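Everything below concerns the one structure shown next.
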Amino acid sequence: MATDADDAPEQIRIRKEKRERLLADGGDAYPVVVPRTHTLAEIRAAYPDLAPDTQTGLQAGVAGRVIFMRNTGKLCFATLQEGDGTKLQAMISLNGVGADALAAWKSDVDLGDFVFVHGEVISSRTGELSVMADSWFMAAKSLRPLPVAHKEMNEESRVRQRYVDLIVRPEAREMARTRIAVVRALRNALERRGFLEVETPMLQTLHGGAAARPFVTHSNALDIDLYLRIAPELFLKRCVVGGLEQVFEINRNFRNEGSDSTHSPEFAMLETYEAYGTYDDSARMIRELVQEIAQEVFGTQVVTLADGTEYDLRGEWTTVEMYPSLSDALGVPVTPETSVAELRALAERVCLEIPDGKGYGHGKLVEELWEHQYGDKLYAPTFVRDFPVETSPLTRQHRTKAGVTEKWDLYVRGFELATGYSELVDPVIQRERFVDQARLAAQGDDEAMALDEDFLAAMEHGMPPTTGTGMGIDRLLMALTGLGIRETILFPIVRPVTR
Numbered sequence: 001m002a003t004d005a006d007d008a009p010e011q012i013r014i015r016k017e018k019r020e021r022l023l024a025d026g027g028d029a030y031p032v033v034v035p036r037t038h039t040l041a042e043i044r045a046a047y048p049d050l051a052p053d054t055q056t057g058l059q060a061g062v063a064g065r066v067i068f069m070r071n072t073g074k075l076c077f078a079t080l081q082e083g084d085g086t087k088l089q090a091m092i093s094l095n096g097v098g099a100d101a102l103a104a105w106k107s108d109v110d111l112g113d114f115v116f117v118h119g120e121v122i123s124s125r126t127g128e129l130s131v132m133a134d135s136w137f138m139a140a141k142s143l144r145p146l147p148v149a150h151k152e153m154n155e156e157s158r159v160r161q162r163y164v165d166l167i168v169r170p171e172a173r174e175m176a177r178t179r180i181a182v183v184r185a186l187r188n189a190l191e192r193r194g195f196l197e198v199e200t201p202m203l204q205t206l207h208g209g210a211a212a213r214p215f216v217t218h219s220n221a222l223d224i225d226l227y228l229r230i231a232p233e234l235f236l237k238r239c240v241v242g243g244l245e246q247v248f249e250i251n252r253n254f255r256n257e258g259s260d261s262t263h264s265p266e267f268a269m270l271e272t273y274e275a276y277g278t279y280d281d282s283a284r285m286i287r288e289l290v291q292e293i294a295q296e297v298f299g300t301q302v303v304t305l306a307d308g309t310e311y312d313l314r315g316e317w318t319t320v321e322m323y324p325s326l327s328d329a330l331g332v333p334v335t336p337e338t339s340v341a342e343l344r345a346l347a348e349r350v351c352l353e354i355p356d357g358k359g360y361g362h363g364k365l366v367e368e369l370w371e372h373q374y375g376d377k378l379y380a381p382t383f384v385r386d387f388p389v390e391t392s393p394l395t396r397q398h399r400t401k402a403g404v405t406e407k408w409d410l411y412v413r414g415f416e417l418a419t420g421y422s423e424l425v426d427p428v429i430q431r432e433r434f435v436d437q438a439r440l441a442a443q444g445d446d447e448a449m450a451l452d453e454d455f456l457a458a459m460e461h462g463m464p465p466t467t468g469t470g471m472g473i474d475r476l477l478m479a480l481t482g483l484g485i486r487e488t489i490l491f492p493i494v495r496p497v498t499r
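Residues 1 to 499 (UniProt numbering) make up the sequence shown, in order.
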């Protein structure tokens with residue numbers, strides 16, 4: 001990250017000296033009380049069209065970060081900025097504050113400092129809304145310089161120093177607000193549909209609910225290993241068993257896997273479960289939710305992405321089936337009966353590298369082949385339906401099609417946004433599926449699910465027909481804004497810098 005003269009250590013030394021001098025003179029570089037009477041936004045709203053060279057008579061105390069300053073002989077100008085990005089000019093003059101306070105301003109204040117300014121709200125001769133100071137003091141001394149105004153921070157710097165990114169880039173502040181607006185709109189939309197928000201454990205004694213590698217920790221008190229959850233699914237299903245027939249949770253999941261433009265080891269997720277629904281119902285609901293959120297937060301279902309292009313979310317969305325679409329792409333029939341040997345040969349034909357070992361059965365090979373052929377090519381919103389049984393251990397067998405499950409994945413702009421099932425509610429078949437998962441784990445599949453006896457006991461009490469969905473909040477922001485996942489997460493995980 002570039003600084004004003006790429007001499008940050010020297011600037012830090014000078015700023016620390018200013019802090020020491022301020023304290024030695026009896027001042028306070030970090031006062032407890034700042035008697036602000038108005039926000040900068042309130043001043044702006046009160047006087048939107050003040051004529052040039054006008055005095056309002058309003059005495060105001062304002063505070064903000066100094067992001068621009070110009071010092072002249074008897075008059076100094078500064079632009080203050082507050083949290084929402086609102087800016088206002090402060091004018092510090094010899095006549096207004098006196099010789100000592102003007103000299104202190106010139107000697108003590110740097111870009112990045114927080115200052116308090118009291119005075120009359122006026123417009124300058126050029127028509128700039130301003131506070132003409134009659135007093136000022138330091139509200140918080142900044143010891144590090146801000147980036148150079150005309151040099152953009154690179155992505156790595158923005159992610160590592162998000163606090164600086166928030167200072168200098170309105171887009172960063174807007175994303176933080178947009179994210180919360182999207183989450184709020186999701187909650188409201190689900191509550192309007194009768195869903196109850198619940199909270200389920202983040203630390204779990206078994207890992208399940210998704211195919212992923214977990215993070216493992218240890219409880220000293222219980223002397224057992226625990227897992228950061230990879231999904232809340234099995235606990236939300238327990239809620240349905242208990243009679244909470246429409247539930248949802250928005251919270252964090254953790255998966256000990258790689259990071260890239262669409263993946264983060266820690267991510268926010270929405271999961272919903274609704275009794276007496278099917279995967280057709282949940283697909284319709286997810287489409288409606290995404291369209292409603294776009295309309296509510298962005299004012300349109302044709303959203304403008306970061307690169308200036310438009311993305312159309314309106315109307316019905318395309319639906320394709322996994323096996324027929326894979327057959328079309330490869331030019332040969334692929335069915336649930338296609339052997340592992342045939343699938344490996346097809347992978348080799350399309351230059352898809354498949355690791356050796358027994359962890360890759362029919363289902364995983366089919367999904368890998370499909371992802372290779374289609375995954376990053378489905379730009380328009382598209383539901384992909386009817387997945388292999390082997391890779392969908394928590395999903396109901398299809399009602400009319402052998403060898404596939406009632407599962408869909410939703411793809412937008414070339415990445416997976418959401419998934420949905422007709423949930424498996426037969427505890428006998430669920431046990432068989434868990435046993436199959438244990439067999440895969442023994443063969444080296446570190447994403448296979450553990451056998452959860454307590455969950456099976458819950459199911460044995462009776463679970464109504466249910467549909468469930470999961471949608472990544474970070475990816476929803478990606479879909480609606482066109483930004484990468486690290487831009488949609490306020491503080492994404494990054495490898496520490498070794499010093």
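All C-beta atoms, glycine included, are put in the ideal place defined by N, C-alpha and C. The structure displayed is predicted, hence computed values, not measured ones.
Beta-carbon spacing of residue i, residue j below 7 Å
| i | j | result |
| --- | --- | --- |
| G85 | P170 | yes |
| V121 | L40 | no |
| R314 | Q301 | yes |
| G420 | A231 | no |
| R475 | L417 | yes |
| R213 | D446 | yes |
| I293 | L270 | no |
| Y273 | L234 | no |
| L159 | V297 | Note that residue 159 corresponds to Val in the displayed sequence, not to Leu. Against a cut-off of 7 Å, the Cβ pair of V297 and V159 comes out as no contact. |
| D28 | L206 | no |
| W317 | R287 | yes |
| V168 | D113 | no |
| F195 | Q246 | yes |
| R15 | L143 | yes |
| P427 | E406 | no |
| N253 | F267 | yes |
| R229 | M202 | yes |
| Y47 | L129 | yes |
| D49 | R125 | no |
| E321 | R413 | no |
| V198 | A458 | no |
| P147 | A8 | no |
Counted within 10 angstroms of its Cβ, other Cβ atoms place residue i as buried (16 or more) or exposed
| i | result |
| --- | --- |
| C239 | buried |
| S422 | buried |
| G472 | buried |
| E487 | buried |
| H118 | buried |
| K141 | buried |
| T338 | buried |
| T467 | buried |
| S219 | exposed |
| Y163 | exposed |
| L222 | exposed |
| G26 | exposed |
| A380 | exposed |
Cα-Cα separation, residue i to residue j
| i | j | result |
| --- | --- | --- |
| V115 | Y30 | 10 Å |
| I43 | C76 | 20 Å |
| T391 | V404 | 10 Å |
| Q55 | Q89 | 14 Å |
| L490 | A78 | 29 Å |
| A60 | D134 | 10 Å |
| D281 | A275 | 11 Å |
| T304 | Y311 | 6 Å |
| A329 | L365 | 15 Å |
| D260 | K401 | 36 Å |
| R439 | P265 | 26 Å |
| G484 | T262 | 7 Å |
| A448 | A189 | 34 Å |
| T319 | W408 | 9 Å |
| G83 | G462 | 52 Å |
| K377 | E371 | 9 Å |
| R70 | G209 | 59 Å |
| V425 | R433 | 12 Å |
| E20 | E10 | 16 Å |
For residue j and residue i, believed in contact at Cβ under 8 Å, the rounded distance
| i | j | result |
| --- | --- | --- |
| D108 | M153 | D108 to M153, Cβ: 27 Å. No contact. |
| G363 | P333 | About 17 Å separates the two Cβ atoms, so there is no contact after all. |
| V369 | L352 | Per the sequence shown, the amino acid found at residue 369 is Leu instead of Val. Rounded, the Cβ-Cβ distance is 6 Å, consistent with contact. |
| R431 | L456 | 6 Å |
| Q81 | G64 | 5 Å |
Min CB distance residue i to chain D below 7 Å
| i | result |
| --- | --- |
| S259 | Reference to chain D is not applicable here, since this structure consists of a single protein chain. |
- request: Could you name each continuous alpha helix (DSSP H) segment of 4 residues or more that falls completely within the segment 369–454, going from the start of the chain to the end?
  value: 427–442, all fully within the segment 369–454.
message: I'd like the ranges of any beta strand (DSSP E) spanning at least 3 consecutive residues and lying wholly in the segment 170–240.
response: If we require 3 residues or more, the beta strand (DSSP E) runs fully inside the segment 170–240 come out as 215–219 and 224–228.
task: Any chance you could list the alpha helix (DSSP H) runs of at least 4 consecutive residues sitting entirely within the segment 253–310, in chain order?
output: Assignment of alpha helix (DSSP H) within the segment 253–310, counting only whole runs of 4 or more residues, yields 279–293 in chain order.
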